[in-house]
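Just so you know, the protein sequences line up as chains C and Y, in that order.
Using the numbering used here, read the first sequence as starting at 3 and increasing by one per residue.
Using the numbering used here, read the second sequence as starting at 3 and increasing by one per residue.
Glycine included, each C-beta is placed from N, C-alpha and C at the ideal position.
There are 2 protein chains.
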Amino acid sequence: MTEKKLLFPIVNTDVALFTLIDQQLRVLLIQRANKPDPGGWALPGGIIKPEIDKSLEDAALRMLAAKALLRLPHLQQVATHSGPDRDPRGWSVSTLFFSLLPSDQVPAVAASKTEAIAWVDPERPGHRLGFDHGQMLAEALHALRDKVERGALPLHLLPARFTLTEVQRACEAILGRVIDKGAFRRQLKSARDLVKVPGAFVRGAQRPAQMYRASAGFVF
Amino acid sequence: MTEKKLLFPIVNTDVALFTLIDQQLRVLLIQRANKPDPGGWALPGGIIKPEIDKSLEDAALRMLAAKALLRLPHLQQVATHSGPDRDPRGWSVSTLFFSLLPSDQVPAVAASKTEAIAWVDPERPGHRLGFDHGQMLAEALHALRDKVERGALPLHLLPARFTLTEVQRACEAILGRVIDKGAFRRQLKSARDLVKVPGAFVRGAQRPAQMYRASAGFVF
DNA sequence: GCAATAGTGTCTATTAGACAATATGGG
DNA sequence: CCCATATTGTCTAATAGACACTATTGC
């Protein structure tokens, strides 16, 4: 491959899209079909198009929408990586985001004809990631954990209606440790993000649980 | 001025450089001499040069070094702003950093022949800032406060040797509130960032204070 | 009644804030 | 001694973690 040095830096975005599969935290990887590093695994992303994108966030959402036929409820900036060597095409700048996909929408993310996808454990991706995406994934996971550790509720991982236990399980999957039920529910009482859904319960052969939804003004 | 749309985004950096002047938190503004918005006030920054810069951090340091004849001890990424309208020259991406300048090095930052400088209160800059730099400054201040609120010690604001009271004053200047002496010093005891300097005391007509320095492995 | 999960209560160790008390210099 | 600041100690309210207890369903 001929390496051509561009006069202007390449500007692109990458997204670590997290979800829950069987109560386990997973992140989306795609197997690249195109030019740099074809066949290699990477975080979904690509070069922005100034003609149609109104911002980096806009570009990241556009690329994911093309892949997933969905509109993500939020996008969180993690960091911007840069340098002459991180992309073989030349001097590049890449802004990394993470986002949360509701677990009931995982099927909406399907592989295209040219690109395979995989939902992997963010701590052990299994595939070797191209570019500096291994480091990026670690940073995105750290940013997500930090936010949840600080008390943010990852409600975007859950369906529209959920139980408090499901919120706890989501936090546990993110943090990688068990959380005490009593302490967790105590904190939730002073959180304004949750709204009781009046009727609505039931799930199995045990005491039914109260259902909740995210409050109107909730932002992750 | 003719507005030309570029095929590639403009990539630049901006830095909110904080320091202490008379125990007050101040941030550096420059009065632009060149093309977009000449005479306007803004955070120091500029377009990167892929030929010489090895990263965005490198570019930000280079631009500040030219202005200030100094090498900053650290640089912290805040966020990356983007869009077609935030810079009149066209679609642009700008990564914002903040940094801390030791109070005894303020004189090293001098105005050039073409650009005036000002050290202003970050909460009330006084000058109206061009581009989206008003918003940027607010974000940088928030990032700095958040970090200090979480327990990070802004030792880079201080001279090489300092007293615990000086550390407290620096934190108070950043946070904009008074901190309890007892509680503050209790936290410092469990911080590994500080090292006693054996001799060294004295300042005025009162009990001398123990001097400290940042530990070898200290990173803000 | 039993299994399983929901939901609440209690005890304790730790911590942050308020504030008092003591220490040490110069004058 | 007095002043000003350094340094340490004490008391208390709030909080987090551990863990136990009660509640409600299906079977």
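Asked: Can you say whether ARG34/Y is buried or exposed, counting buried as having 16 or more other CB atoms within 10 angstroms of its CB?; Found: buried
Asked: Comparing C-alpha positions only, which one of PHE222/C, PHE220/C, ALA70/C, GLY219/C sits nearest to GLU117/C?; Found: ALA70/C
Asked: Using a Cβ distance threshold of 8 Å, determine whether the region 195-211 of chain C contacts the region 177-186 of chain C, with at least three qualifying pairs required.; Found: no
Asked: If VAL17/C and PRO11/Y are in contact, beta carbons under 8 Å, what's the gap, nearest whole angstrom?; Found: That belief does not hold up - the Cβ atoms of VAL17/C and PRO11/Y are roughly 18 Å apart, past 8 Å.
Asked: Do three or more CB pairs link the region 116-131 of chain C to the region 73-89 of chain C at distances below 8 Å?; Found: no
Asked: Could you tell me how far apart the beta carbons of ILE50/C and ALA67/C are, in whole angstroms, since I believe they sit closer than 8 Å?; Found: Contact flag wrong, Cβ pair sits at about 14 Å.
Asked: What residues are listed by DSSP as bridge partners for GLN226/C?; Found: Coverage of chain C is limited to positions 3 through 222, which leaves residue 226/C absent and any answer about it impossible.
Asked: Taking 8 Å as the threshold (beta carbon to beta carbon), is ARG91/Y in contact with chain C?; Found: no
Asked: Could you tell me which chain Y residues have their CB closer than 7 Å to the CB of THR165/C, listed as they occur along the chain?; Found: The premise fails here: THR165/C is roughly 32 Å from chain Y at the closest Cβ pair, so nothing lies under 7 Å.
Asked: Run through chain Y and tell me which residues come within less than 8 Å of VAL197/C, C-beta to C-beta.; Found: Chain Y residues near VAL197/C: none, gap ~28 Å exceeds 8 Å.
Asked: Can you give the Cα-Cα distance for THR165/C and TYR214/C, rounded to whole angstroms?; Found: 6 Å
Asked: Would you call THR167/Y buried or exposed, if buried means 16 or more other Cβ atoms sit within 10 Å of its Cβ?; Found: exposed
Asked: To the nearest angstrom, how far is the alpha carbon of PHE222/C from that of LEU155/C?; Found: 7 Å
Asked: Which residues bound the alpha helix (DSSP H) around LEU190/C?; Found: 183-191
Asked: For a cutoff of 8 Å on Cβ pairs, would you count LEU58/C as touching chain Y?; Found: yes
Asked: Should LEU74/C go down as buried or exposed, given a rule of 16 or more other Cβ atoms within 10 Å for buried?; Found: buried
Asked: Can you give the Cα-Cα distance for GLY206/Y and TRP43/Y, rounded to whole angstroms?; Found: 40 Å
Asked: For the beta strand (DSSP E) holding LYS198/C, just list the boundary residues, first then last.; Found: 196-198
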